[in-house]
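*Asks:* The structure that follows is given in the form of structure tokens.
Protein chains in written order, with my numbering: chain F, 643 to 1395; chain G, 345 to 407.
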């Protein structure tokens, strides 16, 4: 892969990348075969927009961690003949590619991206996301308009406020007022339009939301300003109006764009749905996209494949694993006439399935919709704050009215402005900003460090975690076997047997064979044979050797070798037992040391001696071995029943349900797709040490939210009496409100560091 | 003071142009990816490579 990068003169990537990228996958032929399906016309029709020769497609690309990745992909693709335009959006992890369909095939583009270590899949943005994007743009426009106008109006009025330019005559002041009115009107009519609709929506639903006092304050100030300007009497507060709208929009925009980002992330996850299926048309089998399947078509599902869509079996029988959908691990036997659901795994037998529902309506898609909804859920503390602000608004409205009536008795000319000051000064927008600003800063910080957060409230929950479950294989170990022990029963020294084993294993591509790579392989092997799932055999110097699992040996295994997992035998004698263990990830020990304060449990499906040795190396006291996925699930449920808040770290397919059951779950970027789609947090660069960092940032985020809410409530309670007593003019109220919000935001941005 | 009667409308005109440009920028997706283009200035595509400069190649050989 580095070859592909350097050959194309793209070494700059190594200078500017800020995160390490994933490794490229190895087998190219397999890859091309897999990607061929994307050249199909029906697929092109669905994803590609064509105009003459030019075709355009949207891709989601996983593996993008920094701006350098985006640059690398653009440059790499630009080298291909026929590419017209490439645009990579780093923050959304997507790319749009325009190419000449005469010269280039889609599969070539995809495989070119795979070559430099990224995974690209065609992708169609959902309707829902398009609305989100429209809203985001509308927000930006309103915000920009309000910002520019605020500057102008402020510039005109700052002079009159403080008499900076000596005496300004009445005529000029009047001129300034008219200009201010002209500039403020688009802000009130366009920029603030969202507050009106939101307030009306709230009132229709019978609640007073935060926008009601805002709309009242805006309306009163603007209308009285218009009258004051027209009649050339009294005070105007156009600059306060503009600033008020601008600052409110800033906070709303921040919250909205954080949600938009989260939504994009979850939409990218949709690429993990089963994408291809084998369509049966008469005698021919064609690979197609699962998405393009229509009701009543027939598909073939071989053993080991995912069922692509919901349907009914019309031929064959099989054993199905529906763990992804139900969390139940028992294989279910399905016969002709039975219904099968998209996303279940066919373990045994070949099925012909008649499609009953297209993918959009399938059960799996429903689940992923649920996931999308979960993303939108607000943290508990935020909804508490929202509720509180609702009551607060009612109280503010009452107080504002009362102070108006009272001030009518004291000084009628001031009454209106006291009421406006009360409405503005006590606007609970600092309160509304307290949680989202802290959360989005913490999430942005984690993102920049290669940690992907899929659920905002995971950060809040992680602060309460007191029970941690850890998966062993793949999480703490790298999936590379190393030889740790050799029990010798033969006459020769260990090295002799190791060399024999190494010679035989040289012909094998099994991961176990890699453990013997470090040894010399001087012997010539003839009649090499490999039996799936058992072992390998071969003849060296006239002696037939067998190397493999205990069940592959011709004789029984003595007691003292029970810990071993690979054995070597000659014609008649058992010679050697090897203990192969998975290599530990280097950060594992540091992590365990950092998390000493928590209840740590190592949960693994492996046999006891191996799990025990890993637990000892890591310094974990509690470990459970030979756990089926269901056992794992029960272990976690039991811990939760004991009022523990559970964090689960895992990466395998079998960890999917466990990760979903745990209160907070973390998986590695190298983990299985299912794990990634059910975990709350993904460590993109597989660095376990970052778990400690997540804990730290979560704790800081929690304390920041508390500080923010404390400050917002404290400020509002403090300012209320001042406003009621008429000590605040509207511009002071706006300034106070803005400074209060600003303090909250600045306090939150400290989480970025 | 009469100059402000000319200058302020002029300023308003400039601001409306600025707003127009900003709206156009939003419309043509220029605010879609703020992460990326901050560092795009670092990639000098237009400069010829300097072959004489040796580069550390050790830890990138397998990536």
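Backbone N, C-alpha and C fix where the C-beta goes; we use that ideal spot for every residue, glycine too.
1. Compare the C-beta of residue 779(F) with all C-beta atoms of chain G and state if any pair is closer than 8 Å.
2. What is the DSSP secondary structure of residue 884(F), reduced to helix, strand or coil?
3. Please report the Cβ distance between residue 760(F) and residue 703(F), rounded to the nearest whole angstrom; I am assuming they are in contact, meaning their Cβ atoms lie under 8 Å.
4. Quick check for students: name the residue ranges of the beta strand (DSSP E) that lie wholly in the segment 1207 to 1237 of chain F, counting only runs of 3 or more.
5. Who are the near neighbours of residue 412(G) in its chain, counting only those whose CB is closer than 8 Å to its CB and skipping five residues on each side?
6. Do residue 1125(F) and residue 1080(F) have their beta-carbon atoms positioned less than 8 Å apart in this structure?
7. What residues match up with residue 1203(F) in a beta bridge as DSSP calls it?
8. Alpha helix (DSSP H) containing residue 1054(F): first to last residue?
9. When the cut-off is 8 Å and only beta carbons count, does residue 786(F) lie next to chain G?
10. Give the interface partners of residue 821(F) over in chain G, defined as CB-CB distance under 7 Å, in chain order.
11. In this structure, does DSSP put residue 1123(F) in helix, strand or coil?
12. Between residue 1143(F) and chain G, is the shortest Cβ-Cβ distance under 8 Å, so that the two count as touching?
13. Let me check you understand the geometry: is the CB of residue 975(F) closer than 7 Å to at least one non-hydrogen atom of the ligand GDP?
14. Kindly list the residues whose CB is nearer than 6 Å to the CB of residue 1264(F), restricted to its own chain and excluding five residues on each side of it in sequence; keep chain order.
15. With DSSP collapsed to three states, give me the class of residue 813(F).
16. With residue 1282(F) and residue 1245(F) assumed to form a contact (beta carbons below 8 Å), what rounded beta-carbon distance in angstroms separates them?
17. In whole angstroms, give me the CA-to-CA distance for residue 798(F) and residue 818(F).
18. Below 8 Å on C-beta distance, what does residue 732(F) contact in chain G?
19. Cutting at 6 Å between CB atoms, please list the residues of its own chain near residue 1358(F), excluding the five before and the five after it.
20. Given a cut-off of 8 Å on the beta-carbon distance, is the pair residue 1034(F) and residue 1070(F) in contact?
21. Could you tell me which chain G residues have their CB closer than 7 Å to the CB of residue 712(F), listed as they occur along the chain?
22. Examine the Cβ distances between the segment 849 to 857 of chain F and the segment 1341 to 1354 of chain F and report whether three or more of them are shorter than 8 Å.
23. In the DSSP assignment, what residue or residues form a beta bridge with residue 1403(F)?
24. Nearest by alpha-carbon distance to residue 979(F): which of 993(F), 697(F), 1332(F) is it?
25. Which of the three DSSP states is assigned to residue 1135(F) in this structure?
26. Assign residue 717(F) to one of two classes, buried (16 or more other C-beta atoms within 10 Å of its C-beta) or exposed (fewer than that).
27. Less than 8 Å between the beta carbons of residue 748(F) and residue 680(F), yes or no?
28. My output table needs one value for residue 1367(F): the three-state DSSP class, helix, strand or coil.
29. With DSSP run on the structure shown, which of helix, strand or coil describes residue 936(F)?
30. So is residue 783(F) in contact with chain G if we call contact Cβ pairs under 8 Å?
31. Closer than 7 Å by C-beta to residue 663(F): which residues in its own chain qualify, once you throw out the five before and the five after it? Chain order, please.
32. Does the structure place the segment 1102 to 1118 of chain F close enough to the segment 1199 to 1212 of chain F that three or more beta carbon pairs sit under 8 Å?
33. Identify whether residue 1164(F) lies in helix, strand or coil by the three-state DSSP scheme.
34. Return helix, strand or coil for residue 1184(F), following the three-state DSSP convention.
35. Given that residue 363(G) touches chain F, what residues does it touch there, using C-beta distances under 8 Å?
36. If we define contact as Cβ-Cβ less than 8 Å, is residue 383(G) a contact residue for chain F?
*Replies:* Taking the geometry as given:
1. yes
2. Three-state result, residue 884(F): helix.
3. 5 Å
4. Qualifying beta strand (DSSP E) stretches, in chain order: 1208 to 1211, 1216 to 1226.
5. Residue 412(G) lies beyond the residue range present for chain G, which begins at 345 and ends at 407; the question has no answer from this structure.
6. no
7. BP columns for residue 1203(F) are empty, so no partner.
8. 1054 to 1067
9. yes
10. 352
11. Strand, per DSSP.
12. no
13. Summarising the ligand content, the structure contains no ligands, and the ligand GDP is consequently not present.
14. 1243
15. In the structure shown, residue 813(F) sits in a helix (DSSP, three-state: H, G or I).
16. Contact flag wrong, Cβ pair sits at about 14 Å.
17. 6 Å
18. 377, 379, 380
19. 1068
20. yes
21. Close partners of residue 712(F) in chain G (Cβ separation under 7 Å): 380.
22. Too few Cβ pairs lie closer than 8 Å, so no.
23. Any question about residue 1403(F) goes unanswered here, given that chain F covers just 643 to 1395.
24. Closest in C-alpha terms to residue 979(F), from the list 993(F), 697(F), 1332(F), comes 993(F).
25. coil
26. buried
27. yes
28. coil
29. coil
30. yes
31. For residue 663(F), the predicted model reports a pLDDT of 48, less than 50, meaning its position is unreliable and no value from the coordinates is stated.
32. no
33. In the three-state scheme derived from DSSP, where H, G and I count as helix and E and B as strand, residue 1164(F) is classed as coil.
34. Looking at residue 1184(F) - three-state DSSP - the assignment turns out to be coil, as it is neither helix nor strand.
35. 786, 787, 790
36. yes
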